[in-house]
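Residue numbers (this note's numbering): 16 to 94.
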């Protein structure tokens, strides 16, 4: 059985030679055209935030009370 280090070294060498010997005018390695991302509109645009104000007079809740209205409850949270 071969040494794993030798197999890894041969694999890296093969990939290096593959890129070294590749034709730079091929479709996959074309470097003369700009990237597609530079030719399209940006997907994210910076927008100015809109002001969000609370209403001047809050509306009263509508409808009957349901459940245990009037009972005091204590809620505890921990972090």
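Idealized CB from N, CA, C, for every residue including glycine. Bear in mind that the values here come from a model prediction, so they are computed numbers and not experimental data.
Quiz item: Quick one: Cα of residue 70 to Cα of residue 91, how far?
Solution: 30 Å
Exercise. Helix, strand or coil for residue 88, going by three-state DSSP, please let me know.
Key: coil
Exercise. Taking only the alpha-carbon atoms, compute the straight-line gap between residue 74 and residue 68 and give it to the nearest angstrom.
Key: 15 Å
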